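Residue numbers (the numbering used here): 182 to 438.
Here's what the structure looks like:
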């Protein structure tokens, strides 16, 4: 005679299983800055991306099992391409894509024995910060409309607390990147993240055509160095005597595709 397991217990077991799988992964943060939306992942791999472009103004970030969120990413790209072709490119939105992902994840969670061990962010950059859209989706298909920043992955609570303490609306790209890196370092107080250990991309509302852009390790290092120099100059400017030359010149920002 088979054992009876209540539906409530089944759902609880599935949720616990998915959370444990996600907790083993490294974190990803997504936050708004003055010119768009920044994506930063603790990911030293150059081949396996946690951050990807979906469509004209839409990008995707994920944590958890790579093969599972890669299947979702590919499905999102197909959805966007088909709807943009059949209707209009403006009809493809982050909200619509988030709804599709929510239905897929919810169905998998309730109707299969094994849920997906993933969390997703779908973001769309608008004409200004007020029209940016950031949606967070969990393994059971729940959707949350986020504002300012979002953290997901292994130590999401610690990362989110660091973002709460350090995030400022309207930050420059360099300052937002420094805030994101400090938040990711909050996972382990003894760990220092180098530029080569980061996967970074932006949705830049000021770019033409493709708004999604990945940043190289050299560009990341330059931005972090410039942000550190600006912070150091600001903290020391009050104590500097009149006429003293104490400010460091920030590194120029080179555009790259």
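For glycine and all other residues, C-beta sits at the position ideal for the given N, C-alpha and C.
Owing to the predicted nature of the structure, the values given are computational and were not obtained by experimental measurement.
Checklist entry - Measuring CA to CA, which of 272, 232, 249 is closest to residue 221? => result 232
Checklist entry - If we count the other Cβ atoms within 10 Å of its Cβ and call it buried at 16 or more, is residue 197 buried or exposed? => result exposed
Next on the checklist: Quick check: what's the CA-CA separation for residue 432 versus residue 267?
Outcome noted: Unreliable placement is indicated for residue 432, whose pLDDT of 38 sits below 50; no coordinate value is reported for it.
Checklist entry - Along the chain, where does the alpha helix (DSSP H) that runs through residue 343 open and close? => result 337 to 347
Checklist entry - Which value, in whole angstroms, describes the spacing of the CA atoms of residue 407 and residue 398? => result 14 Å
Checklist entry - Helix or strand or just coil, what does DSSP make of residue 317? => result strand
Checklist entry - Would residue 404 be called buried (16 or more neighbouring beta carbons within 10 Å of its own) or exposed? => result buried
Checklist entry - If you check the beta carbons only, do residue 368 and residue 342 fall under 8 Å apart? => result no
Checklist entry - To the nearest whole angstrom, what separates the beta carbons of residue 234 and residue 275, a pair I think is in contact under 8 Å? => result Not really, about 13 Å apart at Cβ, beyond 8 Å.
Checklist entry - What number of angstroms, rounded off, separates the C-alpha of residue 296 from the C-alpha of residue 325? => result 19 Å
Checklist entry - With a cut-off of 8 Å, do at least 3 Cβ pairs link the segment 385 to 393 to the segment 297 to 317? => result yes
Checklist entry - Near residue 363, which residues of its chain fall below 7 Å by C-beta distance, leaving aside the five closest residues on each side in sequence? => result 343, 347
Item to check | Cα-Cα separation, residue 357 to residue 395 | outcome: 15 Å
Next on the checklist: Since residue 244 and residue 300 should fall inside the 8 Å C-beta cutoff, what is the C-beta to C-beta distance between them, to a whole number of angstroms?
Outcome noted: 5 Å
Checklist entry - For chain D, is any of its Cβ atoms less than 8 Å away from the one on residue 206? => result Any reference to chain D falls outside this structure, which holds one protein chain only.
Item to check | Delimiting residues of the alpha helix (DSSP H) encompassing residue 282 | outcome: 275 to 292
Checklist entry - So what's residue 218 in DSSP terms, helix, strand or just coil? => result strand
Checklist entry - Is DSSP giving residue 201 helix, strand or coil here? => result helix
Item to check | For residue 179, the residue or residues it bridges with in DSSP | outcome: Any property of residue 179 remains undetermined from this structure, which presents the chain solely from 182 to 438.
Next on the checklist: Can you find the residues in the same chain that come closer than 7 Å, C-beta to C-beta, to residue 361, ignoring five residues on each side of it along the sequence?
Outcome noted: 210, 212, 219, 221
Item to check | Strand pairing of residue 395, partner residues [DSSP] | outcome: 382
Checklist entry - Taking Cβ positions, are residue 208 and residue 329 nearer each other than 8 Å? => result no
Item to check | Burial state of residue 316 (16 or more Cβ within 10 Å) | outcome: buried
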